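**Student:** Counted the way the working numbering counts, the sequence shown spans residues 309 to 590. Note that the Cβ used here is the ideal one computed from N, Cα and C, for glycine as well. Fair warning: this is a prediction, and the values are worked out from it, not measured in the lab. After the structure tokens below, expect a handful of questions from me.
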Amino acid sequence: MMTDSSNKTFQSEKGIHTDFREKMTYGDYLQLEPLLSSQRRLSSHHDEMLFIIIHQVSELWLKLIIHEMQAAIEKIQANELQASYKMLARVSKIQSQIIQAWDVLSTLTPAEYMEFRDKLGNASGFQSYQYRLVEFVLGYKTPFILKIYQKDKELHQILTDAYHAPGLYDVAIQALDKAGLPIDKAVLERDISETYQKNASVEQAWLQVYQNVDRYWDLYQLAEKLVDIEDWFQQWRFRHMKTVERIIGHKTGTGGSSGVSYLKKVLDHYFFPELWEIRTKL
Numbered sequence: 309m310m311t312d313s314s315n316k317t318f319q320s321e322k323g324i325h326t327d328f329r330e331k332m333t334y335g336d337y338l339q340l341e342p343l344l345s346s347q348r349r350l351s352s353h354h355d356e357m358l359f360i361i362i363h364q365v366s367e368l369w370l371k372l373i374i375h376e377m378q379a380a381i382e383k384i385q386a387n388e389l390q391a392s393y394k395m396l397a398r399v400s401k402i403q404s405q406i407i408q409a410w411d412v413l414s415t416l417t418p419a420e421y422m423e424f425r426d427k428l429g430n431a432s433g434f435q436s437y438q439y440r441l442v443e444f445v446l447g448y449k450t451p452f453i454l455k456i457y458q459k460d461k462e463l464h465q466i467l468t469d470a471y472h473a474p475g476l477y478d479v480a481i482q483a484l485d486k487a488g489l490p491i492d493k494a495v496l497e498r499d500i501s502e503t504y505q506k507n508a509s510v511e512q513a514w515l516q517v518y519q520n521v522d523r524y525w526d527l528y529q530l531a532e533k534l535v536d537i538e539d540w541f542q543q544w545r546f547r548h549m550k551t552v553e554r555i556i557g558h559k560t561g562t563g564g565s566s567g568v569s570y571l572k573k574v575l576d577h578y579f580f581p582e583l584w585e586i587r588t589k590l
């Protein structure tokens with residue numbers, strides 16, 4: 309109920325629009341009706357709503373991460389490194405949001421989750437195509453992943469195109485080459501549909517950047533933005549693993565993965581290995 313004080317405050321705002329019979333509203337712009345009606349529980353359990361919303365919100369953040377990283381790749385390719393920094397910094401901030409989402413999901417207890425887990429069937433976060441797009445942009449490409457999406461030809465094509473497109477680290481290495489730092493030809497001409505493997509010439513180039521910060525300031529800033537993203541990504545992976553362990557222990561995942569065991573294995577993978585290796589050598 310509106311109090312006299314709040315009512316007077318509202319009435320004092322003479323410019324507030326109240327007639328939207330022929331105007332677009334906030335809800336119209338954001339398409340809130342389809343968005344807020346898409347939480348369709350398959351059980352009557354109270355906590356299934358939490359489970360659905362957490363994952364839907366994470367997918368929205370992933371969509372923005374992909375949007376920003378793809379734009380950053382284009383800027384780096386155009387040698388507009390400064391413009392890419394804002395986009396990459398925004399990615400790191402988004403990552404902090406999806407990491408905190410695990411804290412909310414971890415309020416779901418094992419007993420509560422078991423009340424509706426069977427309703428998921430074989431559906432699993434392992435099948436998140438946006439998460440795979442993020443991995444592809446970061447250079448982690450595994451061919452068997454594409455098989456999951458053969459059901460949808462359009463989606464399969466989107467993923468296939470991303471699989472064969474240069475990732476963030478590919479264009480960063482190209483930027484090193486453009487700056488005159490010697491990079492092995494085999495790296496510059498490598499098959500970008502394969503997961504990147506560390507290379508001595510790339511490591512030496514980044515070492516030169518860090519040892520000559522004033523000379524290579526733009527590349528130094530780019531490197532630190534990449535380290536930020538990988539750091540946050542590893543934290544996201546860790547919180548994911550611990551949340552799964554907390555809720556289902558070491559059970560097999562609904563999608564058929566080994567669950568916690570699989571999540572622990574991927575913790576050891578680095579997208580930008582040389583940027584971590586050189587820290588010991590500086």
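Tell me which residues share the same chain as residue 448 and place their Cβ nearer than 7 Å to its Cβ, disregarding the 5 neighbours each side in the sequence.
**Tutor:** Excluding sequence neighbours, residue 448 sits near 503, 577 and 579.
**Student:** How do the stretch 414 to 422 and the stretch 548 to 555 stand: do at least 3 beta-carbon pairs fall below 8 Å, yes or no?
**Tutor:** yes
**Student:** For residue 615, which of 508, 489 and 588 has the nearest alpha-carbon?
**Tutor:** Because the chain is modelled from 309 through 590, residue 615 falls outside the range shown and cannot be assessed.
**Student:** CB residue 479 to CB residue 373, shorter than 8 Å?
**Tutor:** no
**Student:** Going by beta-carbon coordinates alone, are residue 445 and residue 396 separated by less than 8 Å?
**Tutor:** no
**Student:** Sorted by chain position, which residues of the same chain lie with C-beta nearer than 8 Å to residue 358's C-beta, five sequence neighbours on each side aside?
**Tutor:** 412, 413, 415 and 416
**Student:** Could you tell me the distance, in whole angstroms, from the CA atom of residue 440 to the CA atom of residue 352?
**Tutor:** 31 Å
**Student:** By the 10 Å Cβ neighbour count, where 16 or more other Cβ atoms means buried, how is residue 541 classified, buried or exposed?
**Tutor:** So residue 541 ends up on the buried side.
**Student:** If you reduce the DSSP assignment to three classes, tell me which class residue 451 lands in.
**Tutor:** helix
**Student:** In its own chain, which residues sit with a C-beta less than 7 Å from the C-beta of residue 362, not counting the 5 before and 5 after it?
**Tutor:** The beta carbon of residue 362 sits closer than 7 Å to the beta carbons of 409, 412 and 413 from its chain, once the five residues preceding and following it are set aside; these are given in chain order.
**Student:** Going by the CB atoms, is the gap between residue 494 and residue 517 shorter than 8 Å?
**Tutor:** no
**Student:** Grab me the residues of residue 350's own chain with a C-beta within less than 6 Å of its C-beta, minus the 5 sequence neighbours each way, in chain order.
**Tutor:** 427
**Student:** Please work out which residues of its chain come closer than 6 Å, Cβ to Cβ, to residue 543, disregarding the five sequence neighbours upstream and downstream, and give them in chain order.
**Tutor:** 407
**Student:** Indicate whether residue 507 and residue 526 have their beta-carbon atoms separated by less than 8 Å.
**Tutor:** no
**Student:** So is residue 450 buried or exposed if we call it buried at 16+ other beta carbons inside 10 Å?
**Tutor:** exposed
**Student:** Report the three-state DSSP secondary structure of residue 365 (helix, strand or coil).
**Tutor:** helix
**Student:** How big is the Cα-Cα spacing for residue 563 and residue 421?
**Tutor:** 16 Å
**Student:** Can you give me the start and stop residues for the alpha helix (DSSP H) that residue 546 sits inside?
**Tutor:** Segment 525 to 556, the alpha helix (DSSP H) holding residue 546.
**Student:** Would you call the CB atoms of residue 575 and residue 545 closer than 8 Å?
**Tutor:** yes
**Student:** Classify residue 332: buried if its beta carbon has 16 or more other beta carbons within 10 angstroms, exposed otherwise.
**Tutor:** exposed
**Student:** Is residue 483 near residue 324, with beta carbons less than 8 Å apart?
**Tutor:** no
**Student:** Using the Cα positions of residue 536 and residue 515, report the straight-line distance between them to the nearest angstrom.
**Tutor:** Computed Cα separation, rounded: 18 Å.
**Student:** My understanding is that residue 398 touches residue 423, with C-beta atoms under 8 Å, so please give their C-beta distance in whole angstroms.
**Tutor:** In fact, because the Cβ distance is near 38 Å, the residues do not count as touching under 8 Å.
**Student:** Of the residues 431, 590 and 587, which one's Cα is nearest the Cα of residue 360?
**Tutor:** 431
**Student:** Express the C-alpha separation of residue 469 and residue 460 in angstroms, rounding to a whole number.
**Tutor:** 14 Å
**Student:** First and last residue of the alpha helix (DSSP H) that includes residue 347?
**Tutor:** No alpha helix (DSSP H) holds residue 347; DSSP gives it neither H nor E.
**Student:** Round the Cβ separation of residue 438 and residue 367 to the nearest angstrom and send it over; I've been treating them as touching at under 8 Å.
**Tutor:** 6 Å
**Student:** Going by C-alpha to C-alpha distance, which of 364, 404, 500 and 585 sits closest to residue 346?
**Tutor:** 364
**Student:** If I'm right that residue 559 touches residue 567 with Cβ under 8 Å, what's the distance once you round it to whole angstroms?
**Tutor:** 6 Å
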